[in-house]
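Q: Below you'll find the structure I mean.
Numbering (this note's numbering), first residue to last: 1 to 308.
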């Protein structure tokens, strides 16, 4: 059912709803029309006519983009466009889900319930965009949905922690990359790094990426899991404390591997491998390297073996 059409800048915005009962709208639909395009957006949930009236008024009076622009209504998911400074790194925590796309235009959009937008912080500090939840003293603050969409031309540093997740929905190309994932967080995506890559994976985090790079240094610990595919010229891998590095589909020319304390490593190296294992750790290698140097403390249950 159509409610009203509002003129805003160069666009016309038509407000519609699937159903109206007792002054409450179910699933508000916005049809944003410009000269050459039309976009439909749905605000999933129930919203009162008073909130719709406020939204219409703000739409007509918009003259600039504010750091946070939302409507206030419980249980309605909206997108809030945030204004932030320039950044080349991202740090995400507090269980926030981030989807990243690399393109020339910078944008940060928070998608969550309108009344909870105020608790989601997006701020830049020392060139790093920090995304987290600040509860402002509110106990048991629960989000039914919380996702942040980020676009930026650069991403040379990434930190995920505290149950957060990061997904690169486009391939990321950089000269270098430093990635740190811990505390049960998740990372996935495709990365093309011209020179050096450093990966730190710990504390139950899970990283699954496709990576092409010149050299890579990996530090995995504390029950973390890393699954790699792609290529590198050289790799240095340290795994400990029950961590898992699965890099059988990650082809390197040379590899140096140290595994301990029940960790496991699978690698694929074509020229040389230097491997050391202790304390029930396991190293498996393939790729028929011509030079193999290995040292396994078998008395501690450690092993090093070829899986060709």
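All residues carry an ideal CB built from backbone N, CA and C; glycine is no exception.
#1: Mind reading off the beta-carbon distance from residue 110 to residue 148? Whole number of angstroms is fine, and I expect it under 8 Å.
#2: Are three or more beta carbon pairs between the stretch 165–172 and the stretch 128–140 nearer than 8 Å?
#3: Below 7 Å between beta carbons: does that hold for residue 261 and residue 279?
#4: Mind checking which residues open and close the beta strand (DSSP E) that includes residue 298?
#5: Apply the 10 Å Cβ neighbour rule to residue 152 and answer buried if 16 or more other Cβ atoms are within range, or exposed otherwise.
#6: Could you say which of 227, 222 and 219 lies nearest to residue 189 if we only look at CA atoms?
#7: Using DSSP's beta-bridge definition, name the partner residues of residue 82.
#8: Where residue 285 and residue 119 are concerned, what is the direct C-alpha to C-alpha distance, given to the nearest angstrom?
#9: If you draw a straight line from the alpha carbon of residue 86 to that of residue 193, how long is it in whole angstroms?
#10: Go ahead and label residue 209 buried or exposed: buried means 16 or more other beta carbons lie within 10 angstroms of its beta carbon, across all protein chains shown.
#11: Taking 6 Å as the limit between beta carbons, can you name the residues of its chain near residue 241, skipping five residues before and five after?
#12: Is there at least one non-hydrogen atom of the ligand PLP closer than 6 Å to the beta-carbon of residue 255?
#13: Could you give the DSSP three-state label for residue 178: helix, strand or coil?
#14: Helix or strand or just coil, what does DSSP make of residue 194?
#15: List the whole-angstrom C-beta distance separating residue 157 from residue 89, where the pair is believed to meet the contact cut-off of C-beta under 8 Å.
#16: Identify the continuous beta strand (DSSP E) that holds residue 253 and give its terminal residues.
#17: Would you list the residues sitting across from residue 206 in a DSSP beta bridge?
#18: In three-state terms, what does DSSP make of residue 161?
#19: With a threshold of 7 Å on Cβ separation, who are the neighbours of residue 93 within its own chain once the five nearest residues in sequence on each side are excluded?
#20: Grab me the residues of residue 236's own chain with a C-beta within less than 6 Å of its C-beta, minus the 5 sequence neighbours each way, in chain order.
#21: Under a three-way DSSP split, which group does residue 275 fall into?
#22: Could you say which of 202, 139, 203 and 214 lies nearest to residue 174 if we only look at CA atoms?
#23: What three-state label does DSSP hand residue 280 in the structure shown?
#24: Name the residue from 275, 176, 281 and 303 whose alpha carbon lies nearest to the alpha carbon of residue 196.
A: From the atom records:
#1: Position 110 of the chain shown, counting from 1, holds the residue named residue 110. Position 148 of the chain shown, counting from 1, holds the residue named residue 148. Correct: roughly 5 Å between the Cβ atoms.
#2: no
#3: The count along the chain shown starts at 1 and reaches residue 261 at position 261. The count along the chain shown starts at 1 and reaches residue 279 at position 279. In contact: residue 261 and residue 279 (Cβ atoms closer than 7 Å).
#4: By 1-based counting over the chain shown, the position of residue 298 is 298. Counting along the chain, residue 298 falls outside any beta strand (DSSP E), and DSSP gives it neither H nor E.
#5: On the chain shown, position 152 is the one that residue 152 refers to. With 16 or more Cβ atoms within 10 Å of its Cβ, residue 152 is classed as buried.
#6: The count along the chain shown starts at 1 and reaches residue 189 at position 189. For residue 189, the nearest C-alpha among the options comes from 227.
#7: Your numbering for residue 82 matches position 82 in the chain shown. In DSSP, residue 82 forms a bridge with 108.
#8: Residue mapping note: residue 285 aligns to position 285 of the chain shown, counting from 1. Residue mapping note: residue 119 aligns to position 119 of the chain shown, counting from 1. Roughly 47 Å between the two C-alpha positions.
#9: Numbered from 1 along the chain shown, position 86 holds the residue referred to as residue 86. Numbered from 1 along the chain shown, position 193 holds the residue referred to as residue 193. Their backbone Cα atoms lie some 21 Å apart in a straight line.
#10: Walking along the chain shown from the start, residue 209 turns up at place 209. Counting Cβ neighbours within 10 Å, residue 209 comes out buried, since at least 16 surround it.
#11: Within the chain shown, residue 241 is the residue found at index 241, counting from 1. Cβ within range, chain order: 221, 222 and 261.
#12: Absence of the ligand PLP from the depicted structure is noted, as is the absence of any ligand whatsoever, leaving it without description.
#13: Position 178 of the chain shown, counting from 1, holds the residue named residue 178. Strand at residue 178.
#14: Here residue 194 refers to the residue found at position 194 of the chain shown. Coil, per DSSP.
#15: What you label residue 157 is simply residue 157 of the chain shown in a count that begins at 1. What you label residue 89 is simply residue 89 of the chain shown in a count that begins at 1. That pair is a contact at about 3 Å.
#16: As a working mapping, residue 253 is identified with position 253 in the chain shown. Start and end: 244–259.
#17: Counting from 1 along the chain shown, the entry for residue 206 is found at position 206. DSSP, once it has assigned bridges, lists 186 and 225 as partnering residue 206.
#18: The sequence position of residue 161 within the chain shown is 161, counting from 1. Correct three-state label for residue 161: coil.
#19: Numbered from 1 along the chain shown, position 93 holds the residue referred to as residue 93. Closer than 7 Å at Cβ, skipping near neighbours: 132, 161, 162 and 164.
#20: Within the chain shown, numbered from 1, the residue matching residue 236 stands at position 236. Closer than 6 Å at Cβ, skipping near neighbours: 217 and 256.
#21: As a position in the chain shown, residue 275 is number 275, starting the count at 1. The answer is strand: DSSP assigns residue 275 an E or B state.
#22: On the chain shown, position 174 is the one that residue 174 refers to. Checking every option, the nearest Cα to that of residue 174 belongs to 214.
#23: Counting from 1 along the chain shown, the entry for residue 280 is found at position 280. Looking at residue 280 - three-state DSSP - the assignment turns out to be coil, as it is neither helix nor strand.
#24: Translated into positions along the chain shown, residue 196 becomes position 196. Closest by alpha carbon: 176.
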